[in-house]
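Protein chains: 2
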Amino acid sequence: MGSPDSLEKQPEPAPGSIDFGERLAALRAELSRRGVEGFLVPRADEHQGEYVPTSAQRLAWLTGFGGSAGMAAVLPEKAAVFVDGRYTIQVRNEVDTTLFAPRHVTDEPLSAWLKAELKPGQRLGYDPWLHTEDQVRRLEKSLAAFEAEAVALPDNPLDAVWRDRPAAPRGAIRPHDLRYAGRESADKRADLGKALSDKGVAAAVITLPDSIAWLLNVRGGDVEHSPLPLSFALLHADGGVEWFVEPAKLSEDMARHLGNAVSVEAPDRLGEALDRLGRQGGKVVADPATAARWIFERLRTAGAEIERGEDPCQLPKACKNEVELAGTRAAHRRDGAALSGFLHWLDAAVAGGQPLTEMMVADRLAAFRGASDELSDLSFDTIAGSGPNGAIVHYRVSEESDRALAPGEHFLCDSGGQYDEGTTDVTRTIAIGSPSAEMCERFTLVLKGHIALARARFPEGTTGSQLDSLARYALWQKGLDYDHGTGHGVGSFLNVHEGPQRISKVPNAVALKPGMIVSNEPGYYKTDGYGIRIENLVAVVESPGAAGEERPMLAFETLTLAPIDRRLIHLDLLSPEEIDWVDAYHARVHEAIASQLADEARAWLEQATAPLAAEQNQS
Amino acid sequence: MGSPDSLEKQPEPAPGSIDFGERLAALRAELSRRGVEGFLVPRADEHQGEYVPTSAQRLAWLTGFGGSAGMAAVLPEKAAVFVDGRYTIQVRNEVDTTLFAPRHVTDEPLSAWLKAELKPGQRLGYDPWLHTEDQVRRLEKSLAAFEAEAVALPDNPLDAVWRDRPAAPRGAIRPHDLRYAGRESADKRADLGKALSDKGVAAAVITLPDSIAWLLNVRGGDVEHSPLPLSFALLHADGGVEWFVEPAKLSEDMARHLGNAVSVEAPDRLGEALDRLGRQGGKVVADPATAARWIFERLRTAGAEIERGEDPCQLPKACKNEVELAGTRAAHRRDGAALSGFLHWLDAAVAGGQPLTEMMVADRLAAFRGASDELSDLSFDTIAGSGPNGAIVHYRVSEESDRALAPGEHFLCDSGGQYDEGTTDVTRTIAIGSPSAEMCERFTLVLKGHIALARARFPEGTTGSQLDSLARYALWQKGLDYDHGTGHGVGSFLNVHEGPQRISKVPNAVALKPGMIVSNEPGYYKTDGYGIRIENLVAVVESPGAAGEERPMLAFETLTLAPIDRRLIHLDLLSPEEIDWVDAYHARVHEAIASQLADEARAWLEQATAPLAAEQNQS
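Sequence lines, in order, name chains H and R. Residue 170 in our numbering sits at position 170 of the first sequence, and the numbers go up by one each step. For any residue, its number in our numbering is found by taking its place in the second sequence, counting from 1, and adding 1000.
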């Protein structure tokens, strides 16, 4: 397993030794000095990404809460921390609830808490770099309803009391080679610039690091698991870019890679550049859902005409080109071999009665992936949940939670790798010993959903919202369901979660387009029992039509290559078409993976990918 | 077939004898007198319903176009008529295209035409009664972009030149008995009034006649096919209603039926009542998607605080109560017997070599329905399409289009009845002679979609948008699809098309709730070839859970009771579960219908509902 050497991994003191009461008191004193009654501390940084560097983990520093989303609100006498359904248990384990009352962000929203706790005329401070324009608008609206006021603070009062704050990351930024990116940055910039120009727009503000990485064909190392170059950019209608990035981060060959149309400026020069846009008087696109309030305020003050619109890189980045698709196929062949090697090892270890815990197994999986020199990083912290831990959807194994794999249980393992050629994300649910009939039945229902989606063909214009029910139908028929989306977008050696498309119950108007990569991951979770998830990545492709077909159809090409545990399949519940799908998939897995495995593992793979149809005929 | 005696059916002169050029010239002269350059003539009347009385069919009077949606725009030198995809052929048959250029409303929208044809400073008139608030806002916005102006005219200039205009309908309005409505109007009004009151709203403006019919438990006869009382109402937060309706329309027992909390006023008093609301200063709900601009303007002028919100009757009206559901089941038993009698007659007539045309057959079907004294009206003009006419989704047979039913063809028949107990809508596709293997294959694909939806269980909160793909999956797999929604809401002895729920590719945020009635009508249409549609109405019901189920599920109860043509089913394409569904459905049909049929028809039904499973075992 590789990890960017530039990654900031400041060892934090163990939570028990930290005096969070002292931190909270220091923040309150600072707020009082600044003349505001309250302050918001979100988990997000300036870039609103899933991963934030330690230097920006303000919520964790203040409260101890380490989840990937949340917000603390601090008032003179009270404080609360708001988390979503994934984190309602974790927050109670990590946070001193006498300091911060834990609240469910949907059932007990921030706005209701503020309404109850803030008095008319009181002032709630916030850091305009850490909240999007849309978020601040909603906040202002809800405060206005009870005559309190949201106040943008010129600098962050928490930072003023954060002693020993780690330095900002300075991960090296290097070119992302054309043999992986598939398209010159200059061509991408020219296309996007022309689109701006056609709409009478002078420039677009780009605040998402993955958009910048895609646009400039660069990759960085500022956060864990995603090769992001934390920075900002302005894309002009002529295809030129002003890139606001710490120059010391840039590799030596960067100037040549970027060319003359991309200028590099220090991050603190962004404000002046926004002022210039205002003076020049053209329209400026900024994304109110992702760009900081600070950007909008600066543009407004500068007199710019702001066009609220989606980051223009998002959609073209989501539609991978042929080179990126070829790359992801290669990455999946390599990743599938590592995973298959691991699955063989696991089966053998279980059969040999070797005592195993989740952590040991996760480490071993990382070692299998890391055996390849090509691995850049894991694409996220491995989820390795045995028995009841498998039912915790975003489980992350720790010393405290670590659990032995026991016979008759499911072991749910969700993992992935970052390779120059692409990003992988795969979940397998593995039989340890002999799981019960119910467990096999439900595994098969999940598999039926997975197959229905994998086999789906659909006309252009279809969204992931329209397809989501295909993956749930078999579970629904049995009164079961799962409380997460069915599929998220995946980047090309970038974020393992990316938009704008998704497959979900939540309405989403983005049509699936050729080249988009999404996960196909229905699941089932029995609280305190076991968890099931079957996840492959798939690419949207044009589906060649047979005779008699009338409409061009799209379809999914399954990218992930690793056996699905045949021992958990209840054959009687599968239709002949479903059995054919499993057998054809396993034949593909075998063909792509077998030659990469050593003898024993290859023999195991032979068995793990043997046709179900043959088994059915024997019985 | 019954028809309300009050229905205005002014015989129109045959189109050939009308001088539309003269009408257009007269309108232009009138516009010139009023100092506007242009004018819009929509198909809609003040109530934005699907059916409009002859006295309000301004678009048809001006252009000859008789479709159910469209808009003409008249300028001094040019005029155009905008229709949707259903009507692009029909409009060319009905309209003199030298007077009105036909345009596809999506591909060549009104706004683009106006932009090309209107000069800056020119004034486009419109009748504020005939366009909703939302429509006028969009119009104003698009005209502002090129500095033209939308002008609300105080009265309609077309009406001024429409000689021999039929009188407004005065269909009798009668109570809708509690044994059909299931809930007292006073209770409905109290609930809705309380909901207004809880939101701090003083009153709601109700402009949809079906909402008024539901709220007051009355039915009228002002338009074809739907028992609508054209009128307006104000619902107050105390549950009181001011009903603006022609008093002469009301049956004698109406005063007692309505009680003291409902006052009847003449329609022309609505404006004063809106003024009063403004003076009283409370919030007023009006629906910008359905209420006329006139209403909004009057409220604004009166100083009312307008809350833009959905007509509050729409959702509760859609959720039928137990009495309404029992009524619709009874209506479907009766209607299914009529339809089954007809299907038997048709089979026998075809077998006997009797020459049949679409019109003859549609008339015969109406006679079968009309044989029941309970029929109030057909719920829409029967669609009876043989061969290629079946591929025209909204086909309406006429003297010109009438076509013989020929061997080897499909005959598509979409029809329904209005009964006091409920509204039916059913489509059957019938084999005439021996259709081809392709026709049977595609019928079976449509049937698979119908069954997938009919069998679906789904959790609370699921929308029709999420379920739509279930009905298309089998077709999509073969590169086929259909260009209409899968299901529309259906009223209870009210409109055959009602919202707010629908099952469609078009996003819709309304969750399906117990008691909602929707159609399940996937189809397939081969242009110039044949059409297939299989439509049953279904009610959303709570689905009792079996052991091991974890979540409450909803499901569909199929209401329609008539055989699905077994001769068109390609058995090899159905799964055992699908065959079971057909057989169980046919067993229900037989049980409910057989005793209502005469001997010969009953023998035919026996065969038409025989299990497929038996047939499969024989082969």
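All residues carry an ideal CB built from backbone N, CA and C; glycine is no exception.
Contact annotation for H:Glu549 against chain R: Lys1478, Gly1479, Leu1480 [CB-CB distance below 8 Å, chain order]. Rounded to whole angstroms, the gap between the alpha carbons of R:Asp1483 and R:Ala1026 is 39 Å. Here R:Gln1418 is bridged, per DSSP, to R:Asp1377, R:Thr1423. When C-beta distances to chain R are compared with 9 Å, the residues of the stretch 449-466 of chain H below that value are Ala452, Arg455, Ala456, Arg457, Phe458, Pro459, Gly461, Thr462, Thr463, Ser465, Gln466, in chain order. By the CB criterion at 9 Å, R:Ser1211 and R:Ala1233 fall inside the cutoff. With respect to H:Ala273, H:Glu324 sits apart: the two C-beta atoms are not nearer than 9 Å.
Taking a C-beta distance under 9 Å as the contact criterion, R:Gly1121 and R:Ala1148 qualify as a contact pair.
When CB distances to chain H are screened at a threshold of 8 Å, not a single residue of the stretch 1176-1201 of chain R falls below it. With a minimum length of 4 residues, the unbroken runs of alpha helix (DSSP H) contained wholly in the stretch 239-300 of chain H fall at 254-258, 270-280. H:Lys199 sits in coil when the DSSP states are folded into three classes, being neither helix nor strand.
According to the DSSP assignment, H:Ser386 belongs to the beta strand (DSSP E) that extends over 383-386. Comparing C-alpha distances from R:Ala1150 to each of R:Gln1616, R:Gly1281, R:Leu1040 shows the shortest one belongs to R:Leu1040.
Within 8 Å of the CB of H:Asp402, no CB atom of chain R is found; the nearest one sits about 28 Å away. Counting other Cβ atoms within 10 Å of its Cβ, H:Ala167 stays below 16 and is therefore classed as exposed. For R:Val1095, the secondary structure class from DSSP, reduced to helix, strand or coil, is coil. Counting only the Cα atoms, R:Ile1206 lies some 44 Å from H:Ile295. As the crow flies, the alpha-carbon of H:Asn508 is around 14 Å from that of H:Glu498.
Taking 9 Å as the CB threshold, R:Met1553 lines the interface with chain H.
H:Pro507 belongs to the set of residues whose beta carbon lies under 9 Å from a beta carbon in chain R. Any Cβ of chain R closer than 9 Å to the Cβ of H:Tyr585 would place that residue at the interface, and such an atom is absent. DSSP, reduced to helix, strand and coil, places H:Cys413 within a strand of the structure shown.
Here R:Gly1064 is not near R:Val1083, since their CB atoms are 9 Å or more apart.
DSSP places R:Cys1440 in the helix class (H, G or I) of the three-state scheme. For R:Asp1468, the chain H residues whose Cβ falls inside 9 Å of its Cβ are Gln466, Ser469, in order along the chain. Contact between the stretch 1555-1570 of chain R and the stretch 1452-1461 of chain R is present: 3 or more CB-CB pairs across the two stretches fall below 8 Å.
Shown here, H:Lys526 sits in a strand according to DSSP, grouped into three states. By the rule that beta-carbons nearer than 9 Å mark a contact, H:Tyr530 does not touch chain R. For H:Tyr585, the enclosing alpha helix (DSSP H) stretches over residues 576-593. Taking CB atoms only, R:Ser1111 has no neighbour in chain H less than 9 Å away. Against R:Ala1546, the close residues of chain H are Lys478, Gly479, in the order they occur along the chain (beta-carbon pairs closer than 9 Å). Where H:Gln466 is concerned, there is no enclosing beta strand (DSSP E), although the alpha helix (DSSP H) around it starts and stops at 464-477. For R:Ile1532, the closest alpha carbon among the candidates R:Val1284, R:Gly1352, R:Leu1571, R:Phe1411 is that of R:Phe1411.
From the beta-carbon of H:Ser575, the residues of chain R found nearer than 8 Å are Ser1575. In this structure, H:Val582 is the residue among H:Ala594, H:Val582, H:Leu605 with its C-alpha nearest to the C-alpha of H:Ala613. If you compare the alpha carbons of R:Asn1217, R:His1332, R:Gly1239 with that of R:Met1254, the shortest gap goes to R:Asn1217. Not a single CB atom of chain H sits nearer than 9 Å to the CB of R:Glu1542.
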